[in-house]
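Read through the structure below, which is laid out as structure tokens, and then see the notes.
There are 2 protein chains.
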Amino acid sequence: MRLRNYDNLRSFAIVAKHSSLASASKELFLTKGAISHQIRQLENDLGFKLFERHARGITLTDSGRELLHTANLAFEQIEQKVSRLAGEISPPLTIGVTTYFASRWLSPRLMDFMRDHPDIRLRIQPMIDLLNLRDEGIDVAIRWGDGNWTDCLIEELFNCPAWPTGNRQAMDRVSEVGLETAFREFTLLRDREDSNAWRRWYEVAGLETQQRTDTLIIPDPNVRVQAVMDGQGVALDDELIAPEIDNKTLFRLSEFELSDYGYFLAYESSAQSNPNVAAFLKWIKNTG
Amino acid sequence: MRLRNYDNLRSFAIVAKHSSLASASKELFLTKGAISHQIRQLENDLGFKLFERHARGITLTDSGRELLHTANLAFEQIEQKVSRLAGEISPPLTIGVTTYFASRWLSPRLMDFMRDHPDIRLRIQPMIDLLNLRDEGIDVAIRWGDGNWTDCLIEELFNCPAWPTGNRQAMDRVSEVGLETAFREFTLLRDREDSNAWRRWYEVAGLETQQRTDTLIIPDPNVRVQAVMDGQGVALDDELIAPEIDNKTLFRLSEFELSDYGYFLAYESSAQSNPNVAAFLKWIKNTG
DNA sequence: ACATACTGTATAAAAATATTAAACGCTAGA
DNA sequence: TCTAGCGTTTAATATTTTTATACAGTATGT
Numbered sequence: 003m004r005l006r007n008y009d010n011l012r013s014f015a016i017v018a019k020h021s022s023l024a025s026a027s028k029e030l031f032l033t034k035g036a037i038s039h040q041i042r043q044l045e046n047d048l049g050f051k052l053f054e055r056h057a058r059g060i061t062l063t064d065s066g067r068e069l070l071h072t073a074n075l076a077f078e079q080i081e082q083k084v085s086r087l088a089g090e091i092s093p094p095l096t097i098g099v100t101t102y103f104a105s106r107w108l109s110p111r112l113m114d115f116m117r118d119h120p121d122i123r124l125r126i127q128p129m130i131d132l133l134n135l136r137d138e139g140i141d142v143a144i145r146w147g148d149g150n151w152t153d154c155l156i157e158e159l160f161n162c163p164a165w166p167t168g169n170r171q172a173m174d175r176v177s178e179v180g181l182e183t184a185f186r187e188f189t190l191l192r193d194r195e196d197s198n199a200w201r202r203w204y205e206v207a208g209l210e211t212q213q214r215t216d217t218l219i220i221p222d223p224n225v226r227v228q229a230v231m232d233g234q235g236v237a238l239d240d241e242l243i244a245p246e247i248d249n250k251t252l253f254r255l256s257e258f259e260l261s262d263y264g265y266f267l268a269y270e271s272s273a274q275s276n277p278n279v280a281a282f283l284k285w286i287k288n289t290g
Numbered sequence: 003m004r005l006r007n008y009d010n011l012r013s014f015a016i017v018a019k020h021s022s023l024a025s026a027s028k029e030l031f032l033t034k035g036a037i038s039h040q041i042r043q044l045e046n047d048l049g050f051k052l053f054e055r056h057a058r059g060i061t062l063t064d065s066g067r068e069l070l071h072t073a074n075l076a077f078e079q080i081e082q083k084v085s086r087l088a089g090e091i092s093p094p095l096t097i098g099v100t101t102y103f104a105s106r107w108l109s110p111r112l113m114d115f116m117r118d119h120p121d122i123r124l125r126i127q128p129m130i131d132l133l134n135l136r137d138e139g140i141d142v143a144i145r146w147g148d149g150n151w152t153d154c155l156i157e158e159l160f161n162c163p164a165w166p167t168g169n170r171q172a173m174d175r176v177s178e179v180g181l182e183t184a185f186r187e188f189t190l191l192r193d194r195e196d197s198n199a200w201r202r203w204y205e206v207a208g209l210e211t212q213q214r215t216d217t218l219i220i221p222d223p224n225v226r227v228q229a230v231m232d233g234q235g236v237a238l239d240d241e242l243i244a245p246e247i248d249n250k251t252l253f254r255l256s257e258f259e260l261s262d263y264g265y266f267l268a269y270e271s272s273a274q275s276n277p278n279v280a281a282f283l284k285w286i287k288n289t290g
């Protein structure tokens, strides 16, 4: 439902905060009559009541409470972004990563950077789709793949080949019937609709490339790892899943690998002029 | 920065979508002059330009693109919530869980429920703080603890005692110097400021209850498990971390446990009348 | 029991704001 | 070079919002 008047919703959020028209009217520099009209109009537009009126004040209805919660979050996002863009707040250095990479590689190393640069405010932004850096306000993203992106500057952080992983049943199946037969049975988990990683791996492994339709797309690497453990299919992973390999919940299914895979820094060329970005790039290139 | 006029921002989003005032003016049922005024006023309020004007049209500036992204997300949240509350969309059955519980316990079992109830639209909402069900639109939350909540109906799902875990160094330390001494050295990780879990465990273990100040509060269970692995302290965990125990990245530090801990269903009494909620509760009670 | 003080509401007038219509300047493309 | 289409500007107009005021209700204190 498209709302006609978002300013009324903003007033609603402030009234709800005060639980009082009279009090909110002071914050908004309006008379309580004006606020009363705004709330009434908003309720008419929405088609449900936001407040219960009693003689001595107002209280939120259940619907009102839920809407308030959503509206507060939404307005806060907007106002924070506006403040940043208007230059009122200096933007934190924002790194876009998957939760997978953040917890397995970045987090343990990040303390060093923060200790060396206590003045740099840092924001680790978990992302699924590590594209559209500018839209998300990302200064530097860390992507996994073969480095063939063209939307911005790309620099290899470290090489990290990709190879197929499966759970114990999948491993056993490969041992029993061989790679080719087993891979005709497996469901292939992939991170993106248009990913050609599996096709390339089939080539490297010398298997007949087949048009597979029974693939399952799971963009989040953590969820994908879990799906492999649960036997929902096989996925292309890298050495960051060493813990699961060590404890034998996951298995490397083949020695064939996509050797040019790795982690890459991705950033807009304009970002280099930001000294915080430059400091981060310098640090991470020495660390990786 | 508080915005004076959110309706202008809404118009901005629509203009940006069309990349054209003339075209957007049709969607908004206004003249292009009116839109031009709105955008101009918004730019004045914000203090930066949203569009670059050329002879044959307009294009977003970098700031405009970032703001558009944020605004679209925010407006979408609001409009979706409004649609739900206005009864235009039937709300999905919403389960509040930690990502920890979702990936380790719920996800593997959930397919059964979805197969048996294909008509029920389900939303798994990851939450850190599993309180305030109504604000978040949660029908049923699954909490871990001793069951002593009073804000809504509580029902035990399954018993799951809590015991202290640490990494190998912590385990070795306990072996060397004994429980009491070792626990005077450890940093205690806790999920909430006001949690009395550690105090209760000290009592159960017969250790002297001490006023500890060097505790680290990490609300998210996944992050807390990682912190324990990284040696940042010891935490109270349960058998859902069996994988980490099995592969010896985590260790149970003591046989003493909080035996009344477990996972609990939490829901408003009014939720029971929702047949989808009732079906979910019935299913999960049989599963747990 | 009753005045008091504080709610929020309702109305119509007044003020502020948004919108329009029309003319204008610009330029990409025919 | 002309033209069609773009966004802008201006001043008049239309609409919306706000106010001032009176009002009705009721917890609170005396």
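Chains as they are written, first to last, in my numbering: chain R, 3 to 290; chain L, 3 to 290.
Beta carbons are placed, not taken as given, at the ideal position from N, Cα and C, and that holds for glycine.
Residue i to residue j span [Cα, whole Å]
i: V230/R; j: T211/R; result: 22 angstroms
i: M173/L; j: L108/L; result: 30 angstroms
i: Q43/L; j: R6/L; result: 10 angstroms
i: H56/L; j: T63/L; result: 12 angstroms
i: W165/R; j: P223/R; result: 14 angstroms
i: S177/L; j: F160/R; result: 39 angstroms
i: Q171/R; j: P245/R; result: 18 angstroms
i: E257/R; j: V206/R; result: 10 angstroms
i: R254/L; j: F282/L; result: 33 angstroms
i: F103/L; j: P110/L; result: 11 angstroms
i: G66/R; j: R226/L; result: 35 angstroms
i: L260/R; j: R202/R; result: 8 angstroms
i: L124/L; j: V279/L; result: 10 angstroms
i: I91/R; j: T61/R; result: 35 angstroms
Chain L within 8 angstroms of residue i, Cβ atoms only
i: G149/R; result: no
i: T61/R; result: no
i: S38/R; result: no
i: S275/R; result: no
i: M116/R; result: no
i: Q127/R; result: no
i: H71/R; result: yes
i: L5/R; result: yes
i: A143/R; result: no
i: R67/R; result: yes
i: S197/R; result: no
Any C-beta of chain R under 8 angstroms from that of residue i
i: T152/L; result: no
i: G139/L; result: yes
i: P110/L; result: yes
i: R136/L; result: yes
i: D9/L; result: yes
i: L133/L; result: no
i: D64/L; result: yes
i: S13/L; result: no
Run of the alpha helix (DSSP H) containing residue i, from where it starts to where it stops
i: E158/R; result: Segment 155-161 is the beta strand (DSSP E) holding E158/R; no alpha helix (DSSP H) there.
i: T183/R; result: 181-187
i: R117/L; result: 109-118
Continuous beta strand (DSSP E) stretch holding residue i: start and end
i: I144/R; result: 142-147
i: L190/R; result: 190-192
i: V236/R; result: 236-239
i: T96/R; result: 95-99
i: I220/L; result: No beta strand (DSSP E) holds I220/L; DSSP gives it neither H nor E.
i: R58/L; result: Where R58/L is concerned, there is no enclosing beta strand (DSSP E), given that its DSSP letter is neither H nor E.
i: R125/R; result: 124-128
Distance cut-off 7 angstroms: residue i Cβ against heavy atoms of the ligand COA
i: D141/R; result: By its list of ligands, the structure shown contains no ligand whatsoever, and the ligand COA lies outside what it can speak to.
Checklist entry - Touching or not, the stretch 14-25 of chain R and the stretch 61-81 of chain R, by the rule of three or more beta carbon pairs under 8 angstroms? => result yes
Checklist entry - Touching or not, the stretch 26-34 of chain R and the stretch 86-95 of chain R, by the rule of three or more beta carbon pairs under 8 angstroms? => result no
Next on the checklist: With three or more C-beta pairs closer than 8 angstroms as the rule, is the stretch 92-102 of chain L touching the stretch 140-156 of chain L?
Outcome noted: yes
Checklist entry - If you measure beta-carbon to beta-carbon, which residues of the stretch 164-187 of chain L are closer than 7 angstroms to chain R? => result none
Checklist entry - Between the stretch 242-254 of chain R and chain L, which residues of the former have CB atoms less than 7 angstroms from a CB of the latter, in chain order? => result P245, D248, N249, T251
Checklist entry - Counting pairs of beta carbons, one from the stretch 117-136 of chain R and one from the stretch 242-254 of chain R, are three or more of them closer than 8 angstroms? => result no
Item to check | Segment contact flag, the stretch 260-268 of chain R with the stretch 148-157 of chain R, C-beta cutoff 8 angstroms, min 3 pairs | outcome: yes
Item to check | Cβ pair count under 8 angstroms reaching 3, the stretch 113-124 of chain R against the stretch 225-244 of chain R | outcome: no
Checklist entry - When you check each C-beta in the stretch 43-58 of chain R against every C-beta of chain L, which residues fall closer than 8 angstroms? => result L48, G49, F50
Item to check | Members of the stretch 81-94 of chain L that neighbour chain R once the beta carbon cut-off is set at 7 angstroms | outcome: E81, K83, V84, S85, L87, A88, E90
Item to check | Residues in the stretch 213-239 of chain R having any Cβ partner in chain L nearer than 8 angstroms | outcome: N224, V225, Q228, D232
Checklist entry - Taking any Cβ of chain L, which residues in the stretch 19-32 of chain R have a Cβ under 9 angstroms from it, in chain order? => result none
Checklist entry - Looking at chain R, which residues of the stretch 256-273 of chain L have a Cβ within less than 8 angstroms of any of its Cβ atoms? => result none
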